[in-house]
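**Student:**
Residue numbers (the working numbering): 72 to 274.
(1) Using 8 Å as the threshold, is the segment 124 to 133 in touch with the segment 143 to 159, meaning 3 or more CB pairs across them?
(2) Closest by CA to residue 138, which one among 173, 207, 222?
(3) Assuming contact is defined by CB atoms lying nearer than 8 Å, are residue 170 and residue 230 in contact in what I supplied?
(4) Do the CB positions of residue 234 and residue 270 come within less than 8 Å of each other?
(5) Could you check whether the segment 235 to 242 touches the segment 155 to 165, counting it as contact only if at least three pairs of C-beta atoms, one from each stretch, sit closer than 8 Å?
(6) Which residue wins for smallest C-alpha separation from residue 140, given the options 107, 205, 108?
(7) Of all the beta strand (DSSP E) runs that stay within the bounds of the segment 107 to 155, which reach a length of 3 or more residues?
(8) Quick check on residue 172: does DSSP put it in helix, strand or coil?
(9) Secondary structure at residue 177, three-state DSSP: helix, strand or coil?
(10) Between 148, 173, 147, which lies nearest to residue 105 when the distance is taken from Cα to Cα?
(11) With a Cβ-Cβ cutoff of 8 Å, do residue 257 and residue 264 count as a contact?
(12) Among 216, 242, 252, 102, whose alpha-carbon lies nearest the alpha-carbon of residue 163?
(13) Starting from residue 105 and walking both ways along the alpha helix (DSSP H), at which residues does that stretch end?
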């Protein structure tokens, strides 16, 4: 695992070297550092795997309050140091030719995978659980945004991929409050950092 992690910033550097030659300042390009949507989970004591043809599989879905107690808050410096290194490389390579954009998953979307055990079309389990203890997901994603900003991200996008599966009332209960909490937490340490929300299918 450590060998794989160490290789990721070098791979990022190689990709940027190839792509940055085509950057045109007149296009005001943006470079975004993508990673797997569930990257933070191992650092929260939630193991998972990617199953070919099925997508992500959570080995031990969170179904009870006791399960939530076993989840640890995500510490990016310890769990994904390669992400910080990759962002630093990005910033050094593109300089003023492009803006560096980081990204995280919204608490509802991240929790949906964890509670449902993978991809879901109905989200029945997370609705029954009522997402009643979102603090660990909210704080973890705020920490991840701050970490990315500290390592070169000039803006960060929050992806709430499953938000459009919620009706307006459910969205205001299960997603919106925690998005606001993330922004409030981030603004305490990075008041000038632009935070962008993207909900798939909402354009």
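Where a beta carbon is used, it is the ideal one built from N, C-alpha and C, also for glycine.
**Tutor:** Taking the structure as given:
(1) Because the criterion of three Cβ pairs below 8 Å is not met, the segment 124 to 133 and the segment 143 to 159 do not touch.
(2) 207
(3) no
(4) yes
(5) no
(6) 205
(7) DSSP runs (the beta strand (DSSP E)) wholly in the segment 107 to 155: 119 to 122, 126 to 129.
(8) strand
(9) coil
(10) 173
(11) yes
(12) Answer by Cα proximity: 102.
(13) First-last for residue 105: undefined, no H or E at that position.
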